[in-house]
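So the protein lines, in turn, are chains S and L. Under our numbering, think of the first position of the first sequence as 7, with each following residue one higher. Under our numbering, think of the first position of the second sequence as 9, with each following residue one higher.
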Amino acid sequence: DAGVIQSPRHEVTEMGQEVTLRCKPISGHDYLFWYRQTMMRGLELLIYFNNNVPIDDSGMPEDRFSAKMPNASFSTLKIQPSEPRDSAVYFCASSLFSGGPRNEQFFGPGTRLTVL
Amino acid sequence: GEDVEQSLFLSVREGDSSVINCTYTDSSSTYLYWYKQEPGAGLQLLTYIFSNMDMKQDQRLTVLLNKKDKHLSLRIADTQTGDSAIYFCAEMRGTYKYIFGTGTRLKVLA
Numbered sequence: 007d008a009g010v011i012q013s014p015r016h017e018v019t020e021m022g023q024e025v026t027l028r029c030k031p032i033s034g035h036d037y038l039f040w041y042r043q044t045m046m047r048g049l050e051l052l053i054y055f056n057n058n059v060p061i062d063d064s065g066m067p068e069d070r071f072s073a074k075m076p077n078a079s080f081s082t083l084k085i086q087p088s089e090p091r092d093s094a095v096y097f098c099a100s101s102l103f104s105g106g107p108r109n110e111q112f113f114g115p116g117t118r119l120t121v122l
Numbered sequence: 009g010e011d012v013e014q015s016l017f018l019s020v021r022e023g024d025s026s027v028i029n030c031t032y033t034d035s036s037s038t039y040l041y042w043y044k045q046e047p048g049a050g051l052q053l054l055t056y057i058f059s060n061m062d063m064k065q066d067q068r069l070t071v072l073l074n075k076k077d078k079h080l081s082l083r084i085a086d087t088q089t090g091d092s093a094i095y096f097c098a099e100m101r102g103t104y105k106y107i108f109g110t111g112t113r114l115k116v117l118a
């Protein structure tokens, strides 16, 4: 398996533009997570899905952020309009619920977003 | 508080032991985790410990858990330059919600 795939790897945009980040989870995984990483705030959970349904979006910073999972193999995180303070590395992770102790999440390589 | 806390930086010499500390918040966490993030990459699970254990050893890694103080530590024996990375502790809240610490950046000096 190729692992979790994210695109683009790097995105530079100007304030006010719409940004769409994409994620393909590992095939067969039933959980998908979006995280944001910054120096100031560390790693923050934004939202997670189970079987394509959003379960907890309490970490989404504001209405400018939205996430969708139209099917089991694809998810998007959209920021509209983008602001300089949204600059961060955004990670997607997926997991398969096994009921066991590991509950391991597999992370993608991240998208580094810079908003000018 | 709500935060899982770690010191931000640690520097050690190659061959020495590294100890990375973490203070978590939820005493009901069943499992606690250590993840490793190498430069330019996502996080990878390094090890985990069940909350009814005090210690877990896995090759060069030793995890110590003090539930009374909600303190978790990761010891890396014979630290190598390849161990240079950011290390995150994490607790599980609910079924699947990880709360990650701030991360400790380990730098190994040759």
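We put the beta carbon where it would ideally sit given N, CA and C, even for glycine.
Please identify the residue among S/Ser64, S/Gly48, S/Met45 whose C-alpha is closest to the C-alpha of S/Tyr54. Closest option to S/Tyr54, judged by alpha-carbon separation, among S/Ser64, S/Gly48, S/Met45: S/Ser64.
Which residues does DSSP list as the beta-bridge partners of S/Val95? S/Gln43, S/Arg118
Would you mind telling me which residues of chain S sit closer than 7 Å to L/Ala49, beta carbon to beta carbon, in chain order? Pro115
Tell me, to the nearest whole angstrom, how far the beta carbon of S/Val95 is from that of S/Gln43; I am working on the premise that it is less than 8 Å. 5 Å
Taking only beta-carbon positions, decide if S/Gly48 is within less than 7 Å of chain L. yes
Do S/Pro90 and S/Val121 come within 7 Å of each other at the CB atom, strictly closer than that value? Yes; because the gap between Cβ atoms is below 7 Å, this pair is in contact.
Taking only beta-carbon positions, decide if L/Gly9 is within less than 7 Å of chain S. Here the model assigns L/Gly9 a pLDDT of 43, short of 50, so the residue's position is not dependable, and the following value carries that caveat. Cβ-Cβ to chain S under 7 Å: no for L/Gly9.
At least one CB of chain S closer than 7 Å to the CB of L/Phe108: is that the case? yes
Please name the residue or residues paired with L/Asp11 in a DSSP beta bridge. Bridge partners of L/Asp11: none, in fact.
Within the 7 Å Cβ cut-off, does L/Leu53 reach chain S? Contacts with chain S at 7 Å (Cβ-Cβ) include L/Leu53.
What does the alpha-carbon distance come out to for the pair S/Phe103 and S/Gly48? 25 Å
Inter-stretch contact at 8 Å, needing at least 3 Cβ pairs: the segment 93 to 109 of chain L / the segment 44 to 56 of chain L: Contact between the segment 93 to 109 of chain L and the segment 44 to 56 of chain L is present, because at least three Cβ pairs lie under 8 Å.
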